[in-house]
Amino acid sequence: MEQKETNIAEPKGKLGVLLPGLGAVSTTFIAGVEAIRKGISEPFGSVTQMGTIRLGKRTENRVPKIKDFVPLAELDDLVFTGWDIYTENCYEAAVNAGVLDKTLLDQVKPELEVIRPLEAVFDQKYVKKLAGKNVKTADSKWGLMEQVREDIQQFKREHNLDRMVMVWCGSTEVFMDPNDPAYNDLAAFEKAMKEDHPAIAPSMIYAYAAIAEGIPYANGAPNLSVDFPAMIEFAKKQGVPIGGKDFKTGQTLMKTILAPGLKARYLGLSGWFSTNILGNRDGEVLDDPESFKTKEVSKLGVLKYILQPEVYPELYGNIYHKVRINYYPPRGDNKEGWDNIDIFGWLGYHMQIKIDFLCRDSILAAPIVLDLVLFLDLAARCDMKGIQEWLSFYFKSPLTAENVYPEHDIFIQLMKLKNTLRYLKGEELITHLGLEYYD
Ligand SMILES: NC(=O)c1ccc[n+]([C@@H]2O[C@H](COP(=O)([O-])OP(=O)(O)OC[C@H]3O[C@@H](n4cnc5c(N)ncnc54)[C@H](O)[C@@H]3O)[C@@H](O)[C@H]2O)c1
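Each residue of the sequence shown is one higher than the last, beginning at 1 in this note's numbering.
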């Protein structure tokens with residue numbers, strides 16, 4: 001089938017990056033981009049910067065870099081701002097996060113120091129473990145949302161920005177009932193904001209403000225944020241691309257790499273026990289059972305969708321899947337994640353796999369933020385609106401259209417991402433059929 005090239009607006013001018021939450025992930029991302037711009041570091045882990053894409057037949061040897069294939073914003077055109085409940089500037093927050101060493105941070109200190117957190121929309125009801133003073137006040141949640149819009153407009157004016165993208169890098173909020181009537185449609189949601197309804201969490205206020213300003217939004221945490229009909233309706237109405245939820249890093253990244261392999265060989269699974277120790281602020285927030293519940297739901301869904309127990313009851317109908325997160329301060333951001341996987345093969349014989357991942361969460365998350373910023377900006381310039389399922393690759397709980405289950409297999413997700421780029425450029429989609437080589 002001939003595919004017509006999409007009309008993609010050129011990425012001219014500056015691209016503003018709006019980050020609610022200036023913690024470990026945000027500061028590692030910003031410091032990293034500054035270091036890469038200065039030629040001190042390499043963008044390892046980033047598909048937009050390192051990735052290539054095969055075009056046409058294997059005999060054609062056409063394998064450009066993704067960033068040369070589709071028009072993406074340049075790293076030099078990114079300008080950052082953020083909100084946080086603490087007043088430390090981005091340099092101080094990065095030092096406190098303890099992810100990057102001081103020698104590296106000192107080389108980008110001038111660029112980081114000028115990024116000072118704007119006053120946050122925050123309420124301890126939604127993140128029990130934190131308290132800070134750098135917080136907005138208003139008569140209602142609607143009033144808070146209007147203040148965020150003013151922050152955004154001022155940032156745009158100050159830096160003469162052409163376009164913007166927002167990525168939620170704030171703490172995980174408590175679990176909220178996704179079926180609350182306030183989420184049913186846009187009118188109900190706006191009314192609830194004006195009435196200060198408890199169903200409206202801070203992350204939703206930022207998201208609404210971004211979408212109202214026509215700015216793409218991605219949610220890096222597992223809280224609802226834009227994952228309900230009212231916000232999806234709003235994004236479509238405003239012509240804004242959205243994505244989420246929860247950056248796919250660490251243990252879940254490993255799970256979505258391994259589980260498709262076990263399934264591909266029809267090896268059965270009786271149990272998967274995952275436990276983590278981590279000592280950063282995220283770990284502290286997740287020590288609260290209500291925030292952990294939000295995370296747990298996000299982490300548990302992965303295996304069910306990859307292994308399809310309803311299709312393979314003999315192999316996957318009786319899995320014991322447990323995920324634990326333990327706050328352990330000595331480790332800081334350097335998490336340790338253990339997985340014990342009980343599998344069975346031919347004639348039901350049992351085997352075990354043990355994984356001990358000495359991982360650095362924010363090092364895995366930072367390139368995801370970069371890719372989401374650049375791809376969401378691309379989506380906006382292609383006039384794509386609403387849920388961007390092709391960005392599922394980056395999330396633990398990908399948003400999908402109603403009545404479609406999420407695709408968690410990382411290899412299918414990558415194929416979907418690259419085929420979307422081929423589609424946008426009018427290139428033939430790759431099916432891996434390959435019969436033509438043997439005619
Ligand atoms: N690090 C990872 O690999 C990873 C992976 C998946 C998801 N996440 C999620 O990304 C988010 C950020 O992770 P992190 O490690 O940077 O955590 P962090 O605790 O270091 O940073 C979060 C920051 O958000 C701020 N914050 C909280 N509520 C806010 C609000 N309403 N407005 C503005 N700021 C607010 C906090 O003060 C904190 O500085 C968390 O929700 C985490 O669960 C992280």
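Even for Gly, the Cβ is constructed at its ideal location relative to N, Cα and C. Bear in mind the structure is a predicted one, so any value in this text is a computation, not a measurement.
Could you tell me the alpha carbon to alpha carbon distance between residue i and residue j, rounded to whole angstroms?
i, j, result
"Lys304", "Ile257", "14 Å"
"Leu269", "Cys359", "25 Å"
"Gly214", "Tyr206", "12 Å"
"Phe292", "Val323", "10 Å"
"Glu447", "Glu173", "An answer regarding residue 447 cannot be provided, because it is not within the stretch 1 to 439 covered by the chain."
"Pro123", "Pro241", "The identity of residue 123 in the sequence shown is Asp, whereas the question assumes Pro. Roughly 27 Å separates the two Cα atoms."
"Val148", "Ala93", "21 Å"
"Leu224", "Met204", "8 Å"
"Asn160", "Gln153", "10 Å"
"Arg281", "Pro330", "12 Å"
"Phe234", "Asp180", "17 Å"
"Asp287", "Leu424", "43 Å"
"Asp162", "Glu146", "21 Å"
"Thr52", "Leu144", "42 Å"
"Lys354", "Tyr328", "21 Å"
"Lys470", "Gly386", "No answer is possible for residue 470: the residues shown for the chain start at 1 and end at 439."
"Asn276", "Asn403", "33 Å"
"Gly261", "Ser274", "18 Å"
"Ala264", "Ile412", "12 Å"
"Thr28", "Ala97", "9 Å"
"Gly434", "Lys416", "18 Å"
"Lys255", "Phe228", "26 Å"
"His197", "Pro178", "14 Å"
"Gly250", "Val127", "22 Å"
Considering only the alpha carbon of each residue, which of the options lies closest to residue i?
i, options, result
"Asp84", "Ile53, Gly98, Tyr208, Leu130", "Leu130"
"Lys156", "Val79, Ile115, Lys136", "Val79"
"Ile115", "Leu262, Gly98, Ala188, Tyr91", "Tyr91"
"Thr442", "Ala187, Asp361, Lys236", "Shown here, the chain extends from 1 to 439; a query on residue 442 therefore has no answer."
"Asp139", "Leu100, Cys169, Glu195", "Glu195"
"Ala31", "Met384, Ala379, Val99, Ile325", "Val99"
"Glu158", "Ile306, Gly317, Leu112, Leu15", "Leu15"
"Trp168", "Pro198, Leu414, Pro202", "Pro202"
"Leu186", "Ala209, Ala35, Ala199, Ala230", "Ala230"
"Gln107", "Arg37, Arg58, Lys128, Lys125", "Arg37"
"Val165", "Phe29, Val17, Ile200", "Val17"
"Met193", "Ile232, Trp142, Glu150", "Trp142"
"Lys109", "Met50, Ala35, Lys136", "Ala35"
"Ala380", "Asp409, His350, Ile211, His408", "Ile211"
"Ile8", "Phe69, Thr27, Ser171", "Phe69"
"Tyr438", "Lys136, Arg58, Ser171", "Arg58"
"Thr81", "Glu113, Glu407, Tyr208, Glu190", "Glu113"
"Tyr266", "Gly317, Leu417, His408, Pro398", "Gly317"
"Asn419", "Glu60, Ile66, Met50", "Ile66"
In chain order, what residues of the same chain have a beta carbon less than 7 Å from the beta carbon of residue i, not counting five sequence neighbours either side?
i, result
"Val95", "Lys102, Leu105"
"Asn134", "Asp84, Ile85, Tyr86, Thr87, Pro117, Glu119, Ala120"
"Val33", "Leu75, Leu78, Leu370"
"Tyr394", "Phe247, Lys248, Ile368, Asp371, Leu372"
For residue i, I'd like the list of residues in its chain whose CB is within less than 6 Å of its CB, leaving aside the five on either flank, ordered along the chain.
i, result
"Pro11", "Pro71, Ala73"
"Arg422", "Leu429"
"Gly271", "Tyr320, Asp342"
"Arg62", "Leu55, Gly56"
"Lys396", "Asp246, Lys248, Thr252, Ser298"
"Asn326", "Ile277"
"Leu315", "Gly268"
"Thr137", "none"
"Gly13", "Asp162"
Could you tell me whether the Cβ of residue i comes closer than 8 Å to any Cβ of chain C?
i, result
"Leu399", "No chain C is present in this structure, which holds just one protein chain."
Excluding the five sequence neighbours on either side, which residues of its own chain have a C-beta within less than 8 Å of the C-beta of residue i, listed in chain order?
i, result
"Gln352", "Asn340, Ile341, Asp342, Ile343"
"Pro64", "Thr52, Ile53, Leu55"
"Ile200", "Lys141, Ala182, Phe189, Ala192, Met193"
"Glu436", "Lys57"
Please indicate yes or no: does the CB of residue i lie closer than 7 Å to some heavy atom of ligand 3?
i, result
"Ser140", "This structure lacks ligand 3; the ligands present are ligand 1."
Jot down the residue ranges of each uninterrupted alpha helix (DSSP H) in the segment 79-103, minimum 4 residues, whole runs only, in chain order.
90-97
Does the segment 290-300 touch the segment 339-351, meaning 3 or more C-beta pairs lie closer than 8 Å?
Contact between the segment 339-351 and the segment 290-300 is absent, with fewer than three C-beta pairs closer than 8 Å.
I'd like to know if the segment 22-29 and the segment 377-391 are in contact, where contact means that at least 3 CB-CB pairs between them fall below 8 Å.
The segment 22-29 vs the segment 377-391: no contact.
Going along the chain, which unbroken runs of the alpha helix (DSSP H) with 4 or more residues stay wholly within the segment 192-251?
202-212, 229-238
For the segment 334-343 against the segment 301-317, do three or more pairs of beta-carbon atoms, one drawn from each stretch, fall closer than 8 Å, so that the two count as touching?
No contact exists between the segment 334-343 and the segment 301-317.
Is the segment 243-259 touching the segment 209-227 in the sense that three or more CB pairs, one from each, lie closer than 8 Å?
yes
Counting only runs of 3+ residues fully inside the segment 125-196, write out the beta strand (DSSP E) ranges in chain order.
161-168
Pairing CB atoms from the segment 35-52 with CB atoms from the segment 363-377, are three or more of them under 8 Å?
yes
Which parts of the segment 285-333 are runs of the alpha helix (DSSP H), unbroken and 4 residues or longer, counting only runs that do not cross its ends?
Listed in chain order, the complete alpha helix (DSSP H) runs (minimum 4 residues) inside the segment 285-333 are 289-307, 313-316.
Runs of beta strand (DSSP E) lying entirely within the segment 8-36, each at least 3 residues, in chain order
14-20
Counting only runs of 4+ residues fully inside the segment 32-63, write out the alpha helix (DSSP H) ranges in chain order.
47-50
Can you give, in chain order, each stretch of the beta strand (DSSP E) that sits fully within the segment 342-421 and has at least 3 residues?
350-360
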